[in-house]
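Numbering (the UniProt record's numbering), first residue to last: 1 to 299.
What follows is a single structure, written as structure tokens, with notes after it.
This is the structure:
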């Protein structure tokens with residue numbers, strides 16, 4: 001590979017999204033969202049042709065400014081070649097990012113069975129064997145991804161919102177994209193969380209009959225949760241911690257942060273606090289914030 005001196009940066013550069021992940025985890029949905037956002041989407045372009053495609057875009061007089069390349073295990077060599085390609089694109093003044101779509105084995109199996117499809121690596125073996133083989137093949141790409149989105153508990157609308165926050169027009173001008181997700185510990189930890197915080201130190205509205213059927217998005221629950229001793233102090237201190245962590249992530253080139261807020265069932269305390277954290281962070285300069293509630297309605 002040649003260095004930066006031989007490849008001066010293109011004015012403005014090209015936004016490059018390399019979209020990969022496990023079969024059944026949402027690659028096709030991600031590609032459609034990017035297309036709707038105005039990205040030029042190419043399916044399974046060989047790694048050695050990505051630079052050529054991006055250079056053509058750079059010479060298009062501004063007609064093509066965002067290119068998304070969707071890649072899967074059909075391009076088996078790409079996990080070995082992609083690191084060099086990304087480094088070269090960066091050296092040429094472009095802005096490459098890797099989006100990896102993930103999901104649990106159990107969820108992937110359910111999705112394949114619901115669609116009556118076989119896994120591309122299954123062969124004569126079991127569906128779980130194909131998923132395991134693909135996960136091993138894609139592990140290096142998962143590890144170097146800028147953004148990993150676990151779709152196990154996300155609806156199509158929630159996946160769209162996450163991609164729009166990271167790759168839409170609003171994301172271009174921000175320094176950091178933060179997703180705040182509430183969850184219930186009884187349903188398991190969100191596997192794509194960078195930070196996890198536990199709200200079970202606050203009284204549980206579940207035990208108050210007039211609050212039980214409401215959730216933390218409603219004023220009656222939110223006001224109760226946020227008025228409890230320690231809630232306001234927690235929010236102030238945790239926001240300071242998030243500023244510190246966010247600044248460090250940006251210095252390390254990590255633009256995406258997923259903050260998980262948990263309580264027992266994911267309905268009251270975690271939801272109210274997640275909403276309030278998102279509201280406060282939305283006022284921070286250079287930060288794009290989305291909030292989702294994974295387990296509301298699961299009880």
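We put the beta carbon where it would ideally sit given N, CA and C, even for glycine.
Since this is a predicted model, take the numbers as computed values, not measurements.
Look at the beta carbons and you see the stretch 181-188 not touching the stretch 224-243: under three pairs across the two are nearer than 8 Å. According to the DSSP assignment, residue 96 belongs to the beta strand (DSSP E) that extends over 95-102.
According to the DSSP assignment, residue 187 belongs to no beta strand (DSSP E), since it is labelled neither H nor E. Judged by pairs of C-beta atoms under 8 Å, the stretch 242-261 touches the stretch 193-208, as three or more such pairs exist. Distances from the alpha-carbon of residue 199 to those of 87, 23, 212 and 231 put 231 closest.
The beta carbon of residue 291 lies closer than 7 Å to those of 180, 274, 275 and 278 in the same chain, with the five residues before and after it left out.
Residue state for residue 285 is assigned as coil, using DSSP reduced to three classes. DSSP places residue 280 in the helix class (H, G or I) of the three-state scheme. Going by C-alpha positions, residue 87 is about 28 Å away from residue 289. The stretch 99-110 makes contact with the stretch 148-160: 3 or more CB pairs, one atom from each, lie closer than 8 Å. With respect to the C-alpha of residue 39, the residue from 23, 268 and 63 having the closest C-alpha is 63. With contacts defined as CB atoms closer than 8 Å, residue 294 and residue 205 fail to qualify as a contacting pair. Counting along the chain, the unbroken beta strand (DSSP E) around residue 260 starts and ends at 256-263.
Taking C-beta atoms as the reference points, residue 108 and residue 162 fail to come closer than 8 Å. For residue 230, no pairing in a beta bridge is given by DSSP. At a Cβ-Cβ threshold of 8 Å, residue 16 and residue 92 do not count as neighbours. Every beta strand (DSSP E) stretch that sits fully inside the stretch 12-37 and reaches 3 residues is listed by chain position as 15-21.
Around the beta carbon of residue 138, 16 or more other beta carbons lie within 10 angstroms, which makes this residue buried.
The three-state reading of DSSP puts residue 129 in helix, counting H, G and I together. Judged by DSSP secondary structure, residue 156 falls within the alpha helix (DSSP H) whose first and last residues are 156-167. Secondary structure of residue 293 (DSSP, three-state): strand. Annotation: residue 271 to residue 158 spans about 16 Å, alpha carbon to alpha carbon. The DSSP-derived three-state label of residue 270 is helix. Closest option to residue 266, judged by alpha-carbon separation, among 30, 282 and 213: 213. Taking 8 Å as the cut-off, the beta carbon of residue 70 is found closer than this to the beta carbon of residue 27. Residue 245 has its alpha-carbon roughly 11 Å from the corresponding atom of residue 252.
Here the alpha carbons of residue 29 and residue 135 stand approximately 19 Å from one another. Membership of residue 149 in the beta strand (DSSP E) is indicated by the continuous run 147-150. Per the C-alpha coordinates, the member of 285, 60, 220 and 168 positioned closest to residue 36 is 168. Rounded to whole angstroms, the separation of the alpha carbons of residue 262 and residue 234 is 14 Å. Scanning 210, 176 and 283 for the CA closest to the CA of residue 248 turns up 176. Beta-bridge pairing by DSSP links residue 67 to 16 and 40.
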